[in-house]
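Q: Dropping a structure here in structure tokens format, bear with me for questions.
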Amino acid sequence: MIRESFTSGWTVRRRPGLFGTLGAPAEPPLEVALPHDAVRDLARDPDGAEGGATGYHPGGAFTYEKTFDVPEAWRERVVTLEFEGVYRDAVVLINGDFAAQRPNGYAGFAVRADPFLRYGQPNTVTVEARAHLDSRWYTGAGIYRPVHLLVADPVHVALDGVRVVTRDVDAERAVVEVGARLENETRTAATVRLSTRVLDADGAVVAESTVPVTVLPGEPATARLRLPVPAPRLWSPDSPDLYRLETTIARGADVLDTESTTFGIRTLQLDAEHGLRLNGEPVLLRGACVHHDNGPLGAVSVARAEERRIALLKGAGFNAVRSAHNPLARSALDACDRLGVLVMDELTDVWTKGKTDFDAALTFAEWWERDVEAMVAKDANHPSVVLYSIGNEVFEAGSGIGSAWGRRLAEKIRELDPTRYVTNGINAMVATADKLAAMAPPGGGTTDVNAAMASMGDMLAALATSDLVTDAIEESAGVLDVLGLNYGDARYALEAERYPHRVVVGSETFPSHIDALWEAVTRHGHVIGDFTWTGWDYLGESGIGRVSYVEDGDGPAMSGPYPYLTAHAGDLDITGVRRTISYYREIVFGLRREPYLAVHRPQHHGKTPGSTPWGWSDSAASWTWDVPAGSPVTVDVYTPDAQVELVVNGRSVGTAQVGEVKPFLARFETVYEPGDVVAVTTAPDGTTRRARLRTADAELRLVATAERPAVRAADDDLAYVALALADEHGTVPTDRDVPVTVEVEGPGRLVALGTGNPSTAERFDAATCTTYEGRALAVVRPTGPGEIVVRVSTPGLADGDARVVSG
1 MIRESFTSGW
11 TVRRRPGLFG
21 TLGAPAEPPL
31 EVALPHDAVR
41 DLARDPDGAE
51 GGATGYHPGG
61 AFTYEKTFDV
71 PEAWRERVVT
81 LEFEGVYRDA
91 VVLINGDFAA
101 QRPNGYAGFA
111 VRADPFLRYG
121 QPNTVTVEAR
131 AHLDSRWYTG
141 AGIYRPVHLL
151 VADPVHVALD
161 GVRVVTRDVD
171 AERAVVEVGA
181 RLENETRTAA
191 TVRLSTRVLD
201 ADGAVVAEST
211 VPVTVLPGEP
221 ATARLRLPVP
231 APRLWSPDSP
241 DLYRLETTIA
251 RGADVLDTES
261 TTFGIRTLQL
271 DAEHGLRLNG
281 EPVLLRGACV
291 HHDNGPLGAV
301 SVARAEERRI
311 ALLKGAGFNA
321 VRSAHNPLAR
331 SALDACDRLG
341 VLVMDELTDV
351 WTKGKTDFDA
361 ALTFAEWWER
371 DVEAMVAKDA
381 NHPSVVLYSI
391 GNEVFEAGSG
401 IGSAWGRRLA
411 EKIRELDPTR
421 YVTNGINAMV
431 ATADKLAAMA
441 PPGGGTTDVN
451 AAMASMGDML
461 AALATSDLVT
471 DAIEESAGVL
481 DVLGLNYGDA
491 RYALEAERYP
501 HRVVVGSETF
511 PSHIDALWEA
521 VTRHGHVIGD
531 FTWTGWDYLG
541 ESGIGRVSYV
551 EDGDGPAMSG
561 PYPYLTAHAG
571 DLDITGVRRT
581 ISYYREIVFG
591 LRREPYLAVH
601 RPQHHGKTPG
611 STPWGWSDSA
621 ASWTWDVPAG
631 SPVTVDVYTP
641 DAQVELVVNG
651 RSVGTAQVGE
661 VKPFLARFET
671 VYEPGDVVAV
681 TTAPDGTTRR
691 ARLRTADAEL
701 RLVATAERPA
711 VRAADDDLAY
721 VALALADEHG
731 TVPTDRDVPV
741 TVEVEGPGRL
751 VALGTGNPST
761 AERFDAATCT
771 TYEGRALAVV
781 RPTGPGEIVV
791 RVSTPGLADG
801 DARVVSG
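The UniProt record's numbering applies: residue 1 is where the sequence shown begins, and numbers increase by one.
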């Protein structure tokens, strides 16, 4: 099968007559390279119907078009277009004729093109997509994931037709079970020879086999082989060893098709006593929930962007991700396989009861089976995937009919893939929403679940452990292998008491509670991990994690006012910079011994902060502040040690015991004086450790640093260039920001420029942006081989540049 990228030569235009553009002239088509997000660069609207849910981005309807040549030689071939994701309600036309529709914006789908093609001449493919009041977060719109052109012999391996399973594994050998589904599009039976071989990471052939297969016309045939691999290297987060299966079908000397499948050898076990075991060893999931957008790129899914995010999350201490609330991109799964990160892949945010006006609930009953099939086909060969989640906080989880829906979904997944476990993120408030509404006084309460949870405090725990919730979710929980509890950690002990064989995971939790949450995970054997909301900041749900101040007239509203753009709730911001909570979490996980200094912004000292449980302190790892010397300031020290001494400019401020304010934290009240601040921690055995922050020098320079010296001249790679104001020691001041302009020379194109600023009206498609806490990020897409030069400038400072070789 010939697989070609089908991402160049497209145009897109916004369709008139919809969503406020009635009577407007048609926009001219814009040339774009896929993947592409049609919403990212539209003007944001503070008064728009989408509101803070989408970061004040509007919706719209969009038409993509591409013309391509179809040679006469393809007349006897099978031609398919594979779309990894089109948001949303995609309609595909080929030469003006309807070819396919796919309502789900996150499900991959294939379009058989043969019936519509005109051979020996140009052909046109058109894709229509739309987004409008159909989600609770920023979705983007359009062909935001890759597209492939597949050309195959009439006798070929089916798309996603190779399945690899490793159930029988020991130190001596592993049995690799291969199932290869073959298709025959001719009018006569075809007998072919299927050959397979397994290669290790070094390219050595470690197993091979062959078998004849007769494939009848229109009746797929599945060939199965068992290949013993000696002394297998087992895949795990600490050692993500991978193998490659090469599959060939041939008729005599003629090779008809080939397929390459990457897989890992590993085993899974699950029970309430030992929790989740990988290769026989218990593993706790240090999990990060992640949305699908890629920050400054918008919803665009490029392999390098997905890999970079997974790598940075693992570097911050996470060993697992949950794709909230839709299936993860193929390239993200590839990255998890290579880097050793476990995956909970989630199907959907809604079943039959919607959460927004035009969301996926409208088509769920008709399309759910095909959506499940698409998710499992995508995931089945990835060793990183250990859990399938059938939903997120669905309303149906608290009713009998809803439990029947859960059983349908779970059993469909088990039918397609019995080797992994099924969960569902159940939220007590959502599951019992109808019952709570009946008990509420007329006109009382809020319809916003997030706002209700944030305001309940300890009452949320009381609700979660109530008989009302226990009885309501019992049947839904019973259809699962692992009960996912969203903000339901109060039930951990109760679950063990009431249902001693039940396994639980914290499928979504408050980040500010990680100290108590992780202690509960490590204490309860039946709880296999914790997934924080969220590991990586995201577009939309604007400002749910922000810190506001009552004295500024800015109360802790759930949604930040325009120009709030991001949730401001991640351990890492949208550019990949770690926030202070990330280092606190790393210490709680037991992965970091060195102390960490987090300084509360002194300009807000003495004010009353307001924050939701998705927020953290308004702090930064900085000792450079634009306030007068002597201004009061609060300093936190994160550490696993017992005692901390704080020293400012060589003078001891005092000592504090860790844990008096919060576990793993010591807090000091002092005054800001330019110079340096040092934390000296002491462990019970007398071992001391230090952390230091220094004030940035007055003379700064603009520094551009390429994350990698070389990239591939391919449509799935990107060059990331970090921009920073810094002194000669590399210290970045967080209280001085300047406009920076980026120019790209050579075979590259600037595709995004932005910062981690959660509240900004600046655009990601501009060539100039204002740094945030002294930093910005430029993203360049290679357009060919050669040297790419990224030049950065700002008034009053010397220009900087970064060079990347594209090849």
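Where is the CB? At the ideal position from N, CA and C, for every residue including glycine.
The model shown is predicted, which means the values in this text are computed figures rather than measured ones.
1. To the nearest angstrom, how far is it from the Cα of residue 819 to the Cα of Val503?
2. Does Thr210 pass the burial test, meaning 16 or more other C-beta atoms within 10 Å, or should it be called exposed?
3. For the candidate residues Asn326, Gly96, Asn95, whose alpha-carbon lies nearest to that of Arg88?
4. Return the residue from the list Val677, Arg309, Gly391, Ile401 that minimises the CA-CA distance to Asn427.
5. Could you give the first and the last residue of the continuous alpha helix (DSSP H) run that contains Ser403?
6. Excluding sequence positions up to five away, which residues of its chain have a Cβ less than 7 Å from the Cβ of Arg578?
7. Note down the Cα distance separating Gln603 from Ile788, rounded to an integer number of angstroms.
8. Determine the extent of the alpha helix (DSSP H) in which Trp367 is found, giving its start and end residues.
9. Report the start-end ranges of each beta strand (DSSP E) in the region 136 to 205 that is 3 residues or longer and not cut off at the edges.
10. Going along the chain, which residues of its own chain have a beta-carbon closer than 7 Å to the beta-carbon of Pro28, five neighbours each way excluded?
11. Under the three-state reduction of DSSP, which class applies to residue 837: helix, strand or coil?
12. Given Leu199, which residues of its chain have a CB within under 6 Å of its CB, disregarding the five upstream and five downstream residues?
13. Unbroken beta strand (DSSP E) runs of length 3 or more, entirely within the region 690 to 774: which are they?
14. Does Ile587 come out as helix, strand or coil in the three-state DSSP assignment?
15. The alpha helix (DSSP H) that contains Ala464, what's its start and end?
16. Using 9 Å as the threshold, is the C-beta distance between Gly120 and Val39 below it?
17. From Ala303 to Phe62, what does the alpha carbon distance come to, in whole angstroms?
18. Would Pro782 and Val732 qualify as a contact pair, given that the criterion is a beta-carbon distance under 9 Å?
19. State the DSSP-derived secondary structure class of Arg491, mapped to helix, strand or coil.
20. In angstroms with no decimal places, state the Cα-to-Cα distance between Ala332 and Ile249.
21. What do you reckon, are the CB atoms on Ala722 and Ala776 nearer than 9 Å?
22. Which same chain residues, not among the five before or five after Leu750, have their C-beta less than 7 Å away from its C-beta?
23. Among the residues of its own chain, which have a CB less than 7 Å from the CB of Ile473, if the five just before and after it don't count?
24. Just grab the DSSP bridge partners of Ile2 for me.
25. Considering only DSSP beta bridges, list what Gln101 is partnered with.
26. On the DSSP bridge assignment, give the partners of Val212 in chain order.
27. Please tell me whether, using a cut-off of 8 Å, the distance from the CB of Phe83 to the nearest non-hydrogen atom of the ligand ZN is below it.
28. Does the count of Cβ pairs from the region 96 to 115 and the region 40 to 47 closer than 8 Å reach three?
29. DSSP on Ala472, reduced to helix/strand/coil?
30. In three-state terms, what does DSSP make of Trp235?
31. Is His729 buried or exposed, if buried means 16 or more other CB atoms sit within 10 Å of its CB?
32. Ignore the nearest five residues each way along the sequence and tell me which others in Arg118's own chain have a CB closer than 8 Å to its CB.
33. Enumerate in chain order the residues of its own chain whose CB-to-CB distance from Ala802 is below 7 Å, with the five nearest sequence positions on each side excluded.
34. Mind reading off the beta-carbon distance from Val527 to Tyr549? Whole number of angstroms is fine, and I expect it under 8 Å.
35. Nearest-angstrom Cα distance between Ala361 and Glu475?
36. Report the residue from Asp337, Trp368, Pro628, Val341 whose alpha carbon sits nearest the alpha carbon of Val350.
A: According to the structure shown:
1. This structure leaves residue 819 out entirely; the chain is present only between 1 and 807.
2. Here the question's residue 210 lines up with position 210 in the sequence shown. Exposed, by the Cβ-count rule.
3. Position 88 of the sequence shown, counted from the start, is the residue given in the question as residue 88. The shortest C-alpha separation from Arg88 is found at Asn326.
4. In the sequence shown, counting from the first residue as 1, residue 427 sits at position 427. Checked all of Val677, Arg309, Gly391, Ile401; the closest Cα to Asn427 is Gly391.
5. For the purposes of this step, residue 403 is taken as the residue at position 403 of the sequence shown. Unbroken alpha helix (DSSP H) run through Ser403: 400 to 416.
6. Here residue 578 corresponds to residue number 578 of the sequence shown, with the count starting at 1. For Arg578, where only same-chain residues beyond five positions count, the Cβ hits under 7 Å are Ala316, Asp571, Leu572.
7. Counting from 1 along the sequence shown, the entry for residue 603 is found at position 603. Counting from 1 along the sequence shown, the entry for residue 788 is found at position 788. Those two C-alpha atoms are separated by around 41 Å.
8. Taking the sequence shown and counting its residues from 1, the one referred to as residue 367 is at position 367. Trp367 -> alpha helix (DSSP H) spans 361 to 379.
9. 147 to 152, 155 to 169, 173 to 184, 190 to 199
10. For the purposes of this step, residue 28 is taken as residue 28 along the sequence shown, with counting starting at 1. Around Pro28: Arg13.
11. It is not possible to answer for residue 837, since the shown part of the chain is limited to 1 through 807.
12. Along the sequence shown, one-based indexing puts residue 199 at 199. Answer for Leu199: Val205, Arg244, listed in chain order.
13. Qualifying beta strand (DSSP E) stretches, in chain order: 701 to 706, 719 to 726, 739 to 745, 748 to 754, 768 to 770.
14. Counting from 1 along the sequence shown, the entry for residue 587 is found at position 587. In this structure, DSSP gives Ile587 a helical state, which the three-state scheme calls helix.
15. Residue mapping note: residue 464 aligns to position 464 of the sequence shown, counting from 1. Where Ala464 is concerned, the enclosing alpha helix (DSSP H) stretches over 458 to 464.
16. To locate residue 120, count along the sequence shown from 1; it is residue 120. To locate residue 39, count along the sequence shown from 1; it is residue 39. For Gly120 and Val39, no; Cβs fall outside 9 Å.
17. As a first step, residue 303 is located in the sequence shown; it is residue number 303 there, counting from the start. As a first step, residue 62 is located in the sequence shown; it is residue number 62 there, counting from the start. Cα to Cα, the separation comes out at about 24 Å.
18. Working through the sequence shown from its first residue, we reach residue 782 at position 782. Working through the sequence shown from its first residue, we reach residue 732 at position 732. No.
19. Taking the first residue of the sequence shown as 1, we reach residue 491 at position 491. In the structure shown, Arg491 sits in a helix (DSSP, three-state: H, G or I).
20. Locating residue 332 in the sequence shown gives position 332, where the first residue counts as 1. Locating residue 249 in the sequence shown gives position 249, where the first residue counts as 1. Taking the straight line from one Cα to the other gives about 29 Å.
21. The residue given as residue 722 occupies position 722 in the sequence shown. The residue given as residue 776 occupies position 776 in the sequence shown. Cβ atoms of Ala722 and Ala776: closer than 9 Å.
22. On the sequence shown, position 750 is the one that residue 750 refers to. Answer for Leu750: Val742, Val744, Ala767, Ala778, Val780, listed in chain order.
23. By 1-based counting over the sequence shown, the position of residue 473 is 473. Closer than 7 Å at Cβ, skipping near neighbours: Ala397, Gly398, Ile426, Ala431.
24. Start at 1 with the first residue of the sequence shown, and residue 2 comes out as number 2. Paired residues: Val151.
25. Along the sequence shown, one-based indexing puts residue 101 at 101. DSSP, once it has assigned bridges, lists Val91 as partnering Gln101.
26. As a first step, residue 212 is located in the sequence shown; it is residue number 212 there, counting from the start. In the sequence as presented, Val is not what sits at residue 212; that position holds Pro. DSSP output for Pro212 lists Arg193 as bridge partner(s).
27. This structure lacks the ligand ZN, and indeed carries no ligand of any kind.
28. Contact between the region 96 to 115 and the region 40 to 47 is absent, with fewer than three C-beta pairs closer than 8 Å.
29. Position 472 of the sequence shown, counted from the first residue, corresponds to residue 472. DSSP places Ala472 in helix when its eight states are reduced to three.
30. Residue 235 sits at position 235 when you count from the first residue of the sequence shown. Reduced to three states, the DSSP call for Trp235 is strand.
31. For the purposes of this step, residue 729 is taken as the residue at position 729 of the sequence shown. Around the beta carbon of His729, fewer than 16 other beta carbons lie within 10 angstroms, which makes this residue exposed.
32. As a working note, residue 118 is residue 118 in the sequence shown. Within the same chain, Arg118 has close Cβ partners Val70, Asn95.
33. Working through the sequence shown from its first residue, we reach residue 802 at position 802. The residues are Ala704, Thr705, Ala706, Val721, Val790.
34. Here residue 527 corresponds to residue number 527 of the sequence shown, with the count starting at 1. Here residue 549 corresponds to residue number 549 of the sequence shown, with the count starting at 1. With a Cβ gap of about 36 Å, Val527 and Tyr549 do not count as contacting.
35. The residue labelled residue 361 in the question sits at position 361 within the sequence shown. The residue labelled residue 475 in the question sits at position 475 within the sequence shown. Approximately 22 Å, taken between the alpha carbons.
36. As a first step, residue 350 must be located in the sequence shown, where it is residue number 350. Nearest option by C-alpha distance: Trp368.
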